[in-house]
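Single-structure report; data block below.
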Amino acid sequence: MSLAEWPLGPLERALLGSLQRLDPHAGEAVLAAAVLCCEALGRGDVCLLLARWAGQRPWAESDYCLPALAAWQAELEASTLVGAAGAYTPLILFGERLYLARYQAYEAQLAGQLLARTADQPAIDEGRLSDSLQRLFALNGGQAGTDWQCLAAAQAVRQRVTVISGGPGTGKTTTVVRLLAALLEQPGGERLAIGLAAPTGKAAARMAEAIRNARDALPLADDLKALLPDEARTLHRLLGSRGDSPAVRHHAGNPLALDVLVVDEASMVDLALMAKLVDALPAQARLILLGDKDQLSAVEAGAVFAELCEGRGFDALAASALQRLSGQPVAVETPTSRLGANVVLLTHSHRFAGDSGIGELARRINRGDVSGTLSLLQEGRTDLHWHSQPDTSSLLQRIEQGYQTYLQVARNGDAASAFRAFNAFRVLCAQREGNFGEVGLNAALEARIKRRLSLPERERWYPGRAVMVRQNDYALGLFNGDIGLCLHDGQSLRIHFESVDGFRTFAPARLPSHDTAFAMTVHKSQGSEFAEVLLVLPEQPGQLLNRALLYTGITRARNRVEIWAQAPRISEAVASKATRAAGLALRLRCSTLASDTPPAPDAQLGLF
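Rendered as structure tokens:
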């Protein structure tokens with residue numbers, strides 16, 4: 092089969108054409124590697140792991156087979172299209188990893204800048220910090236063992252980079268409010284420029300609201316409370332994204348005017364965006380990343396937050412300093428990452444009690460315990476229900492029942508009551524398409540609702556329709572992921588969105604691109620929480636099923652989870668740990684000696 096007959100998409104074919112123009116004599120193995128790199132980005136991988144593909148048929152529709160690993164590497168090394176780190180070539184070879192040049196540059200730049208920041212510790216008043224921590228975290232005194240929230244705050248004050256990971260209800264927002272208070276109490280703290288950001292508008296608004304709600308109860312002087320930020324921005328808006336261009340307004344040459352940046356839901360940040368963010372942050376600024384390492388990774392390429400959490404641990408020097416400052420017992424555990432001492436894991440959940448079925452289910456899923464997960468679902472816990480033989484008719488009937496209260500409340504037109512009722516129940520899907528996917532379930536449920544309301548099938552808007560915004564509209568202040576409810580205001584149908592001051596309403600025709608949102612994918616639910624969650628897994632096996640998806644889905648619930656899935660699908664999800672091909676963790680390892688800092692970003696980041 093010739094190159095023209097390879098089963099490629101338009102993007103891969105365009106890349107192939109560009110490479111052939113650069114080197115008309117490029118071999119098939121080199122061109123195939125480049126195409127596979129491009130396809131890998133679509134799957135969320137940053138690079139191509141040559142060992143995983145060597146000797147394989149990359150496309151089922153083609154008889155073409157890749158060379159053995161040693162031969163393949165030799166051919167790549169000999170090609171003018173491939174270079175080592177720092178070369179001005181479309182492809183970069185780093186050991187057994189092959190990158191498109193832009194992504195190798197992102198990864199190398201991010202690793203180098205993070206390590207440079209960790210090597211530069213800010214000057215602090217240790218006595219004042221110790222006093223701040225004791226006062227701000229005094230209410231945690233009843234907690235047995237080490238107060239990891241207090242340790243996380245201590246690290247954030249004494250380091251320029253801090254990574255705080257924790258599951259739902261572990262107090263990440265509480266921790267960040269208190270650590271910001273401790274920073275403000277440091278000498279010169281009143282002059283700090285503090286920024287809050289998140290990957291999505293919804294997450295940014297939720298973070299700002301949580302900080303506003305928490306600051307009044309802080310044992311902090313009123314003049315310092317007033318300095319705590321009360322607004323958050325999306326990362327794209329913070330950086331000044333320029334449409335479809337990879338360039339942003341803020342970068343090393345035009346840095347952000349910030350001394351401290353807190354990023355919530357950092358597990359959703361892809362490699363390219365994180366690299367641009369760190370590059371735009373002044374060298375002396377503190378970066379605090381909050382997230383959950385066990386949640387789904389970003390939709391785009393990279394699993395940056397999870398990689399940053401690898402190899403964590405406190406060496407003797409860090410443990411001694413933290414124990415002295417916080418008064419907390421700190422175990423010495425040699426980190427295997429040069430960023431290891433900057434990572435703090437919060438483990439105590441205030442949302443899920445010790446006897447919580449949801450909490451125990453989450454732990455078993457993360458351990459990859461298939462039999463334990465299935466046996467727990469069969470125990471009949473009050474907060475867990477498993478429907479092991481799902482069928483479409485029964486599922487739709489159950490979903491309609493779940494939204495019955497909301498649809499009744501929505502007829503009254505009161506936005507506050509409608510949002511409370513709507514957030515009491517939510518349907519989450521593993522995938523967008525298919526009978527048990529987001530699109531199919533929304534369409535089928537809407538058809539049932541319209542029949543009950545005696546509405547024409549083509550009628551788009553009706554009281555109770557829930558929608559999710561698909562694209563940012565800064566003019567309207569609506570962002571990707573925002574949920575709106577269609578209610579009658581007495582004169583016409585208006586779409587209501589929650590805001591800081593209550594609710595904002597829009598005519599349906601003014602909304603940016605949107606979808607019906609009675610059912611949503613687990614990916615879109617990240618960062619949200621609902622009283623009760625109905626999680627639907629597909630009927631057939633699929634690559635999307637993994638423990639991160641299952642964990643993320645069930646932990647969106649506060650009180651009860653209902654899983655509609657066959658036992659084999661649950662087993663497959665728990666047994667499958669999603670991994671993304673990348674090299675950030677490798678570059679941060681203590682044993683990594685060589686640096687592969689890329690050339691000037693303007694030159695290399697523009698390649699392909």
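First residue of the sequence shown: 92, per the working numbering; consecutive thereafter. Backbone N, C-alpha and C fix where the C-beta goes; we use that ideal spot for every residue, glycine too. Quick caveat: nothing in here was measured; it's all calculated off a predicted structure.
*Pick helix, strand or coil for N766, following the three-state DSSP scheme.*
The question about residue 766 has no answer here: the residues shown for the chain are numbered 92 through 699.
*Using DSSP bridges, identify the partner residues of I645.*
Paired residues: none, contrary to the question.
*Option nearest K367 by Cα separation, candidates A453, L274, Q204 and L132*: Among A453, L274, Q204 and L132, the Cα nearest to that of K367 belongs to Q204.
_3-residue-minimum beta strand (DSSP E) runs that sit fully inside the region 570-655, ordered along the chain_ = If only complete runs of 3 or more residues are kept, the region 570-655 shows the beta strand (DSSP E) at 574-579, 584-590, 593-597, 605-607, 610-612, 621-627 and 648-655, in order along the chain.
*Answer with buried or exposed for L182, where buried requires no fewer than 16 other C-beta atoms within 10 angstroms of its C-beta.*
Buried, by the Cβ-count rule.
*Under a Cβ-count criterion, where at least 16 other Cβ atoms within 10 Å of its own Cβ denotes burial, should R551 be classed as buried or exposed?*
It counts as exposed.
_Segments assigned beta strand (DSSP E), at least 3 residues, entirely inside the region 266-349_ = Listed in chain order, the complete beta strand (DSSP E) runs (minimum 3 residues) inside the region 266-349 are 285-289 and 336-339.
*Decide if V268 is buried, meaning its Cβ has at least 16 other Cβ atoms within 10 Å, or exposed.*
Residue environment analysis places V268 among the buried positions, since at least 16 neighbouring C-beta atoms fall within 10 angstroms of its C-beta.
*Would you mind sorting L679 into buried or exposed? The rule is 16 or more other CB atoms within 10 Å of its CB.*
Label assigned to L679: buried.
*Using the rule of at least 16 other Cβ atoms within 10 Å of the residue's Cβ for burial, across every protein chain shown, is H116 buried or exposed?*
By the neighbour-count criterion, in which a residue is buried when 16 or more other Cβ atoms sit within 10 angstroms of its Cβ, H116 is exposed.
*Near A105, what residues of its chain come up, given a Cβ to Cβ distance below 8 Å and the 5 sequence neighbours on each side ignored?*
Excluding positions up to five away in sequence, the list is empty.
*Out of H439, L330 and A338, which has the shortest C-alpha to C-alpha gap to A288?*
Distance check between A288 and each of H439, L330 and A338 places L330 closest, using alpha-carbon atoms only.
*In angstroms, rounded to a whole number, what distance separates the CA positions of Q492 and H341?*
If you take the alpha carbons of Q492 and H341, they lie about 49 Å apart.
*Would you list, in sequence order, the uninterrupted beta strand (DSSP E) runs of no fewer than 3 residues that lie entirely inside the region 156-219?*
Here the runs fully enclosed are 182-185 and 188-191.
*Could you tell me the boundaries of the beta strand (DSSP E) in which T253 lies?*
Where T253 is concerned, the enclosing beta strand (DSSP E) starts and stops at V252 to G257.
*Given that a residue counts as buried once 16 or more other Cβ atoms are within 10 Å of its Cβ, and exposed if not, what is Q238?*
Reading the sequence as shown, one finds Asp at residue 238 and not Gln. D238 is buried by the Cβ-count criterion.
_For V126 and Y194, believed in contact at Cβ under 8 Å, the rounded distance_ = That pair is no contact at about 15 Å.
*Please classify F516: does DSSP put it in a helix, a strand, or coil?*
Correct three-state label for F516: strand.
_For S388 and C520, the rounded distance between their alpha carbons_ = Straight-line Cα distance between these residues: approximately 16 Å.
*Should T425 be labelled buried (16 or more other beta-carbon atoms within 10 Å of its own) or exposed?*
Sixteen is the threshold: since fewer than 16 other Cβ atoms of the shown chains lie within 10 Å of the Cβ of T425, the residue is exposed.
_According to DSSP, residues forming a beta bridge with W477_ = I654.
_the region 283-299 touching the region 471-480, judged by at least three CB pairs closer than 8 Å_ = As far as the Cβ criterion goes, the region 283-299 does not touch the region 471-480, which means the pair count is below three.
*asked:* Per DSSP, what are the beta-bridge partners of S466 in this structure?
replied: For S466, which the question treats as bridged, DSSP gives no partner whatsoever.
*How many angstroms separate the CA atom of I540 from the CA atom of Q386?*
Within the model, the alpha-carbon separation for I540 versus Q386 is close to 33 Å.
*What residue from R543, F527, T261 and R542 has the CA that sits closest to L625's CA?*
Ranking R543, F527, T261 and R542 by Cα distance to L625 puts F527 first.
*Would you call R134 buried or exposed, if buried means 16 or more other Cβ atoms sit within 10 Å of its Cβ?*
Under the 10 Å beta carbon count, R134 is surrounded by fewer than 16 other beta carbons and is classified as exposed.
*How about L227 and A272: do their beta carbons lie closer than 8 Å?*
For L227 and A272, yes; Cβs fall inside 8 Å.
*Could you work out which residue in R251, E281 and N304 is closest to T265 when comparing CA atoms only?*
Closest in alpha carbon position to T265, among R251, E281 and N304, is N304.
*asked:* By alpha-carbon positions, which one of Q200, V254, Q562 and Q277 ends up nearest to L224?
replied: Among Q200, V254, Q562 and Q277, the Cα nearest to that of L224 belongs to Q277.
*asked:* On the criterion of 16 or more Cβ atoms from any shown chain inside 10 Å, does G100 qualify as buried, or is it exposed?
replied: Classification for G100: exposed.
*Rounded to a whole number of angstroms, what is the C-alpha to C-alpha distance between Q212 and Q200?*
Per the coordinates, the alpha-carbon of Q212 lies some 20 Å from the alpha-carbon of Q200.
*Alpha-carbon to alpha-carbon, N514 and R649*: C-alpha separation (whole angstroms): 11 Å.
*CB contact flag (I255, V351, <8 Å)*: Pairing I255 with V351 gives a Cβ-Cβ distance that is not under 8 Å.
*asked:* Between which residues of its own chain and P659 is the CB-CB distance below 8 Å, once the five residues before and five after are set aside?
replied: P632.
*State the DSSP-derived secondary structure class of A151, mapped to helix, strand or coil.*
If DSSP states are grouped into helix, strand and coil, A151 belongs with coil.
*Based on the DSSP secondary-structure assignment, which residues constitute the bridge partners of V435?*
Looking at the DSSP assignment, V435 forms a beta bridge with I255.
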